[in-house]
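Take a look at the structure below.
Residue numbers (the working numbering): 104 to 276.
So, in structure tokens, the structure goes:
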């Protein structure tokens, strides 16, 4: 193999390994779906709809979606960076509603956002959200990311939601 061909393969291999390590690190920080704790019904499973660092929502938002029209509008924004856009996940709004949290645009990788718990009492959801940022010395990708988490929950008389966010910093020692 010629010297220039070796340099070419080395130049191609390093970025590939770097990006695959960054993606693997991100996947390990994802949390499992939270459990809904209802005052009347005890623990209820929550269905993950979308949980990643790639979407078209630019600003931080925390939303409770209770209609098909709202859901289609939000999903169009979430998938606006996908070509072709992903189909709208099915949600039966007579039985479920959507809780969606967005961290907004971040200038590097290493950020994540997870809905970690949901309590329901008297028609009000209290949603626990955890956002994680890269700590000092963490290796991150140099690309914009858009952390978000969207879940479907049983409707069960839900009228509004409040959100409590906890911030953590990754330790990369």
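Virtual Cβ for every residue (Gly too), placed ideally from N, Cα, C.
- Contact annotation: the segment 177 to 185 does not touch the segment 214 to 227, with fewer than three C-beta pairs closer than 8 Å.
- For residue 246, the CB contacts under 8 Å within the same chain, skipping 5 residues up- and downstream, are 211 and 212 in chain order.
- The C-beta distance from residue 252 to residue 218 rounds to 5 Å, short enough to fall under 8 Å.
- Positions of the beta strand (DSSP E) runs, each at least 3 residues long and wholly inside the segment 146 to 198, are given as 150 to 155 and 164 to 168 in order along the chain.
- Setting aside the 5 residues that flank it on each side, residue 196 is surrounded in the same chain by 169, 170, 171, 174 and 258, each with a C-beta closer than 8 Å to its C-beta; the list follows chain order.
- For residue 241 and residue 234, the gap between their C-alpha atoms comes out near 16 Å.
- Contact check for residue 167 against residue 264 passes: the beta carbons are separated by less than 8 Å.
- A direct Cα-to-Cα measurement between residue 193 and residue 239 gives close to 40 Å.
- Linking residue 199 to residue 272 through their CA atoms gives a straight-line distance of about 33 Å.
- Residue environment analysis places residue 275 among the exposed positions, since fewer than 16 neighbouring C-beta atoms fall within 10 angstroms of its C-beta.
- With contacts defined by Cβ atoms closer than 8 Å, residue 161 and residue 220 do not form a contacting pair.
- Each residue's CA atom was taken as its position, placing residue 165 and residue 267 some 10 Å apart.
- Residue 216 sits buried, since 16 or more C-beta atoms from the chains shown fall within 10 Å of its C-beta.
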